[in-house]
Each structure stands twice: as structure tokens, then as C-alpha cells.
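A.B. asks:
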Ligand SMILES: Nc1ncnc2c1ncn2[C@@H]1O[C@H](COP(=O)(O)OP(=O)(O)O)[C@@H](O)[C@H]1O
Ligand SMILES: [Mg+2]
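Residue numbers (the working numbering): 1026 to 1529.
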């Protein structure tokens, strides 16, 4: 076949790559992806303001690269999107390091060292490449003159990689060396901090986080949890694991607490960068790294849902593995992900349920909002969150339990076994869906007591006033602050009327 070579000219190609559309925070997040993929436990971000000579560096203690690795890492498209990736790899197109960096700077230096190896350095200098007599992909092997010390922090880690951005023209555009420019630069740093705390929150959270990101030598960036999982007032649906062609997709719904149940500060913080209404909807994660922060993904029946105030407490988490990238149409900047057709019905159904519940909480000030909360309520069930999952336990101090235990002292072990079986098999998922589909929380807010409740009230009253030894008045008060009797005070009073003499 006849052909002629048509390689893209280096200069024009790089200038085009600069326009891929990164912001400083998404560009830095892309570099942190690489650090995570290289098994780093720590990342140190450094922002140095010096007017037009300001610079930014990112150091990690990951496994580092040797000369061959580094040359390939610096090559645009050095890895094919069709390559099979490690499960923990956050990379995608073999472009991130270059495109993210070029979007912000004209001088990209990467220095790296493997454990026991020597340091290797490579640099792209866009001005050098742009020279008419050059105009080819010349990868330089030395740092910029005078920049050596900026790489010296790499000596402090056993292995790792440092990415140095100099001549950050896109960052310093419009800035000079004055006070106002410095403030503008620091505002960018804050933006980066917020973004990192959001998109990597699953890595940054917990007592022993998978990743620590240090900012300018001091503060560690804390994770921002969109779901307020640490708040007991957050309503969490059971984690669903949905098999799909690209691997297991994890899905979970959250109804966040009403404003009344949060402190002023917690409420503001949970509103996130863009505020409560904008931050409703789906949070899409790939290998636990957040790609999309809110919005309804074009889902919704019969009309596509938009972000509206009444649904602002509704948030959902979807996590897919990197083997499902193609299904989700992940883009180069990793800021877009679209749910595959096969998953849309399930996502829509759960989102619909979460939205319905969220609107109720928003309108009713809490799911039990129709009645004032009872002080010192003895609950029948207790709920704890363990690692984002809910566990439900029967309250052993509930009078129905203590009544049985005192009546059958020899069956304590059998009773405990029974309770444990019940607790381990609560059909949480089914209940959650049924509740939401049927609209009302059954029992808790119905006006009429369920059948037989009055007889149970009488039996427990006898237990409280008899073996437990409470006075009739105290026993009655106890019962009225015991789940579920607090919901039906009138029925309880009716059932107990005329019993007092019988007991005393
Ligand atoms: N911080 C780092 N530590 C170790 N290796 C890195 C690091 N950054 C980049 N690399 C290597 O360079 C390659 C190219 O990175 P990049 O251009 O971001 O594309 P991708 O992440 O999609 O592979 C990575 O696949 C990895 O092998
Ligand atoms: Mg990458």
C-alpha cells in the first residue's frame, strides 16, 4: 500500500492537549490518582507563590519509576486505554499525567526513584518544543536550571515520585506579585483542598486512612463525606451489589437528616461546595474515587429529574470497578460517567425511593415528625452504623424482653439465640423498599394501634408493676415511653383503665 507519514507536529499537538478542559483541582486530582495507583500512602502538595514564577509540586511515596517506566509515563498515550489494568488502578487513557499537567503549566518535570534505585528525571518544556527549529517530542533529561532544590523532597522518601509544575501560566494568568494576587493564589489552594477532600473522601476517611494528603507541609486534608454516615439521623439503605457485564456495581441510598437535627456548622459543611440543592443526587465512584458529585444522571420517570429543593436530602452512592469503564463512558478528565442502559431501571427505582423518603423528611422534619419525640424513649430496636452498614439489635432492656427473661430464667440462652437469629436475618432491604413504596412508615405514624397491642400493653404493665416493682404511676409512665406504645397513648390509657386496683 502507498502511504506517507502524517505524525502530528509536536508543538501544535501539545497546544491542543492543553485545551482538554481541566481545572487546577481536577488536574491535581488526576495526579493523585496516579499516586494511589502506585500504592502511595502519602501525598504532599506544595503550592509556592512567587508571582509569575509560582510553582506547584506533588510528591508521593508510591513505588516510583525507573528510567524506562518514566520515559513511558511521560509519553503521550504511553498506555493504551485497551490495556488491562490492576484492580486498584485509577488511570484510564495513558494521558492524565501529561494532559493534566500541560493544562496548567509549560514546564513539567517528573523525578522518580524506586526503592534502592537512583533518581531519574524527565522534563517537557513547551517553550523549547515550540521553537521552530525543534518542533518534535524532545523529552529533556535534566530539571530546569536552578530548579534542582525544588525536587529535593524526593530524597526524604524511600521510593516515590515528584511531579513539578513550573511556569504555571494558566494558574497565574492575570496575577502579579502583589498582595491581591497572593490571595487569589491562596483561594485556588483552598479550591484544590475542597476538591481533594471530596473526590478522595473514601481514601482519606477513618482512623487509619488508605491515603494521607498533606498540604503545604502542615495540615492533612480531611475527607468530606457526602452522606453524613456518622450521623445517626442519616437513613441508609442496605448496600446492593449488582452484577453487571463490567463487574460488580455497588449501590446505596441515603436520606440525610433534616436541618433541625444538625448543628449549624454540620449543616453548612454537608451542603458541600455547591450547596444542598446542587449536591443532591448520585455520587458516582470508580474504584472508590468520586467522578460525579450530585445530579440525577439523566434518570427520572416520566420526566427527567432535575435538582429541586424538596429532594435536597436525597443522595446516592454508586461505585463501579475500572473493568466497567467502557460501560460507563468515562472520559479523559474522569469527570463524566453515564450509567449503562442495563442498570438504569434499578438506579431509577432506588433513586425514586430515596427521593420520596427525602421529600418526607424535608417536609415533616424527620420521619417521625408528626409526634413530638418522647424523652427517654426505651426503643425496641437499636441501630448502629458499622463501616457504613447498619446493624439492628433488639434492645435487651425492653420490658418485653425482660418480662420473658424473668418468666423463663432457665431459657436465657435459648432466648438469646432466638434474638440473635432475628437480628441477623432482618430483611432490611425488603423492608426498606416496601416502606418507601407504600409511602407511610407503618405503625410509627398510624393513628390506630395494630391489633392486639392493647393486650400486650396490659401484659407488660403487669410485669413492670409486678415483678419489677414499679408503682402503678411509674409503670404507666414507663410504658408510655416504651416503643411502640409511645405512639398510641390513648389506646394504652384505655387498656390500663381500671387495672390499678387489681394490681395493688
Ligand atoms: N506518581 C506515579 N508513580 C508511579 N508511576 C506513575 C506515577 N504517575 C504516573 N505513573 C506511570 O505513568 C503512567 C501514565 O500515567 P498517566 O499519563 O496519568 O496515564 P494513566 O494513569 O491513564 O495510565 C501510569 O500508568 C504509571 O505507570
Ligand atoms: Mg493517570
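Cβ coordinates follow ideal geometry from the N, Cα and C atoms, glycine included.
May I ask you to list the residues that DSSP assigns as paired with residue 1315?
C.D. replies: Translated into the one-based positions of the chain shown, residue 1315 becomes position 290. For residue 1315, which the question treats as bridged, DSSP gives the partners 1310.
A.B. asks: So, with DSSP's three-state summary, where would you put residue 1077?
C.D. replies: Taking the chain shown and counting its residues from 1, the one referred to as residue 1077 is at position 52. Three-state result, residue 1077: strand.
A.B. asks: Nearest to residue 1584 by CA position, among 1441, 1178, 1123, is which residue?
C.D. replies: No answer is possible for residue 1584: the residues shown for the chain start at 1026 and end at 1529.
A.B. asks: Restricting to runs no shorter than 4 residues, where is the alpha helix (DSSP H) found entirely within the segment 1420-1453?
C.D. replies: Complete alpha helix (DSSP H) runs here, min 4: 1424-1432, 1437-1449.
A.B. asks: Kindly indicate the opening and closing residues of the beta strand (DSSP E) around residue 1273.
C.D. replies: Counted from its first residue, the chain shown places residue 1273 at position 248. Looking at the DSSP string, the run of the beta strand (DSSP E) that includes residue 1273 is 1272-1280.
A.B. asks: For my contact list, residue 1219 and residue 1298 are in at a C-beta cut-off of 8 Å; report their separation, rounded to the angstrom.
C.D. replies: Walking along the chain shown from the start, residue 1219 turns up at place 194. Walking along the chain shown from the start, residue 1298 turns up at place 273. Yes, residue 1219 and residue 1298 are in contact; Cβ-Cβ is about 6 Å, under 8 Å.
A.B. asks: Within 10 angstroms of the Cβ of residue 1435, are there 16 or more other Cβ atoms? Answer buried if so, exposed if not.
C.D. replies: Along the chain shown, read from residue 1 onward, the residue named residue 1435 stands at position 410. Burial call: exposed.
A.B. asks: According to DSSP, residue 1190 sits in a beta bridge with which residue or residues?
C.D. replies: Translated into the one-based positions of the chain shown, residue 1190 becomes position 165. Bridge partners of residue 1190: 1081, 1133.
A.B. asks: Beta carbon of residue 1196, beta carbon of residue 1270: below 8 Å?
C.D. replies: Here residue 1196 refers to the residue found at position 171 when the chain shown is read from its first residue. Here residue 1270 refers to the residue found at position 245 when the chain shown is read from its first residue. Cβ distance not < 8 Å, so residue 1196 and residue 1270 don't count as in contact.
A.B. asks: Could you spell out the range, first to last residue, of the alpha helix (DSSP H) harbouring residue 1385?
C.D. replies: Position 360 of the chain shown, counting from 1, holds the residue named residue 1385. Its alpha helix (DSSP H) spans residues 1369-1389.
A.B. asks: Closest to residue 1445 by CA distance: which of 1114, 1406, 1374 is it?
C.D. replies: For the purposes of this step, residue 1445 is taken as residue 420 along the chain shown, with counting starting at 1. Checking every option, the nearest Cα to that of residue 1445 belongs to 1406.
A.B. asks: Just verifying my parser: in three-state terms, what is the DSSP assignment at residue 1408?
C.D. replies: Position 383 of the chain shown, counted from the first residue, corresponds to residue 1408. The answer is strand: DSSP assigns residue 1408 an E or B state.
A.B. asks: Using the three-state DSSP reduction, which class does residue 1345 fall into: helix, strand or coil?
C.D. replies: Here residue 1345 refers to the residue found at position 320 of the chain shown. If DSSP states are grouped into helix, strand and coil, residue 1345 belongs with the strands.
A.B. asks: The alpha helix (DSSP H) spanning residue 1497 covers which residue range?
C.D. replies: Here residue 1497 refers to the residue found at position 472 of the chain shown. From DSSP, the alpha helix (DSSP H) with residue 1497 extends over 1497-1505.
A.B. asks: So which of 1249, 1433, 1093 has the shortest CA-CA distance to residue 1314?
C.D. replies: Your numbering for residue 1314 matches position 289 in the chain shown. Considering only alpha carbons, the answer is 1249.
A.B. asks: Can you tell me whether residue 1513 is helix, strand or coil according to DSSP?
C.D. replies: Taking the chain shown and counting its residues from 1, one reaches residue 1513 at position 488. It is coil, neither helix nor strand.
A.B. asks: If you run the structure through DSSP and keep just helix, strand and coil, what is residue 1157?
C.D. replies: Along the chain shown, read from residue 1 onward, the residue named residue 1157 stands at position 132. If DSSP states are grouped into helix, strand and coil, residue 1157 belongs with coil.
A.B. asks: Using a Cβ-Cβ cut-off of 7 Å (strictly less than) and excluding sequence neighbours within five positions of residue 1517, which residues of its own chain qualify?
C.D. replies: Translated into positions along the chain shown, residue 1517 becomes position 492. Within the same chain, residue 1517 has close Cβ partners 1482, 1504, 1505, 1510.
A.B. asks: DSSP three-state call for residue 1339: helix, strand or coil?
C.D. replies: Sequence index remark: in the chain shown, residue 1339 carries index 314 (1-based). DSSP places residue 1339 in strand when its eight states are reduced to three.
A.B. asks: Is residue 1292 helix, strand or coil when you go by DSSP?
C.D. replies: Here residue 1292 corresponds to residue number 267 of the chain shown, with the count starting at 1. Residue state, collapsed to three classes: helix.
A.B. asks: When DSSP labels each residue in this structure, what does residue 1488 get in the three-state scheme?
C.D. replies: The count along the chain shown starts at 1 and reaches residue 1488 at position 463. Helix, per DSSP.
A.B. asks: In three-state terms, what does DSSP make of residue 1354?
C.D. replies: The residue you call residue 1354 lines up with position 329 of the chain shown. Coil, per DSSP.
A.B. asks: By how many angstroms is the C-alpha of residue 1452 removed from the C-alpha of residue 1459?
C.D. replies: Looking up residue 1459 in the chain shown gives position 434. Looking up residue 1452 in the chain shown gives position 427. Rounded to the nearest angstrom, the two C-alpha atoms are 11 Å apart.
A.B. asks: Pick helix, strand or coil for residue 1127, following the three-state DSSP scheme.
C.D. replies: As a first step, residue 1127 is located in the chain shown; it is residue number 102 there, counting from the start. Helix at residue 1127.
A.B. asks: Do you know how far the Cα of residue 1223 is from the Cα of residue 1478?
C.D. replies: Looking up residue 1478 in the chain shown gives position 453. Looking up residue 1223 in the chain shown gives position 198. Residue 1478 and residue 1223: Cα-Cα distance of roughly 48 Å.
A.B. asks: Per DSSP, what kind of secondary structure is residue 1298 in: helix, strand or coil?
C.D. replies: As a position in the chain shown, residue 1298 is number 273, starting the count at 1. Residue state, collapsed to three classes: coil.
A.B. asks: Cβ-heavy atom distance between residue 1243 and ligand 1 below 7 Å?
C.D. replies: As a first step, residue 1243 must be located in the chain shown, where it is residue number 218. Not so, every heavy atom of ligand 1 lies at least 7 Å from the Cβ.
A.B. asks: Apart from the five residues on each side of it in sequence, which residues of its chain come closer than 6 Å, Cβ to Cβ, to residue 1216?
C.D. replies: Position 191 of the chain shown holds residue 1216. Around residue 1216: 1050.
A.B. asks: By the three-class DSSP mapping on this structure, what secondary structure does residue 1143 have?
C.D. replies: As a first step, residue 1143 is located in the chain shown; it is residue number 118 there, counting from the start. DSSP places residue 1143 in coil when its eight states are reduced to three.
A.B. asks: Pull up the CB-CB distance for residue 1137 and residue 1090, whole angstroms please, since I reckon it's below 8 Å.
C.D. replies: Against the chain shown, residue 1137 aligns to sequence position 112. Against the chain shown, residue 1090 aligns to sequence position 65. Between residue 1090 and residue 1137 the Cβ distance is about 4 Å, and since that is below 8 Å, they are a contact.
A.B. asks: Between the alpha carbons of residue 1423 and residue 1381, how many angstroms are there, rounded?
C.D. replies: The count along the chain shown starts at 1 and reaches residue 1423 at position 398. The count along the chain shown starts at 1 and reaches residue 1381 at position 356. C-alpha separation (whole angstroms): 32 Å.
A.B. asks: On a CA-only basis, which of 1118, 1183, 1148 is nearest residue 1142? Give me that one, please.
C.D. replies: Reading the chain shown from its first residue, position 117 is the one you call residue 1142. Cα-wise, what sits closest to residue 1142 is 1183.
A.B. asks: Would you please state the rounded distance, in angstroms, between the beta carbons of residue 1175 and residue 1060? I believe it to be under 8 Å.
C.D. replies: The sequence position of residue 1175 within the chain shown is 150, counting from 1. The sequence position of residue 1060 within the chain shown is 35, counting from 1. Rounded, the Cβ-Cβ distance is 18 Å, inconsistent with contact.
A.B. asks: Okay, do the segment 1031-1042 and the segment 1196-1207 touch, 3+ Cβ pairs below 8 Å being the bar?
C.D. replies: The segment 1031-1042 vs the segment 1196-1207: no contact.
A.B. asks: Identify every residue that forms a DSSP beta bridge with residue 1059.
C.D. replies: As a first step, residue 1059 is located in the chain shown; it is residue number 34 there, counting from the start. BP columns for residue 1059 are empty, so no partner.
A.B. asks: Can you tell me which residues form a DSSP beta bridge with residue 1039?
C.D. replies: Residue 1039 sits at position 14 when you count from the first residue of the chain shown. According to DSSP, which records beta bridges pairwise, residue 1039 is partnered with nothing at all.
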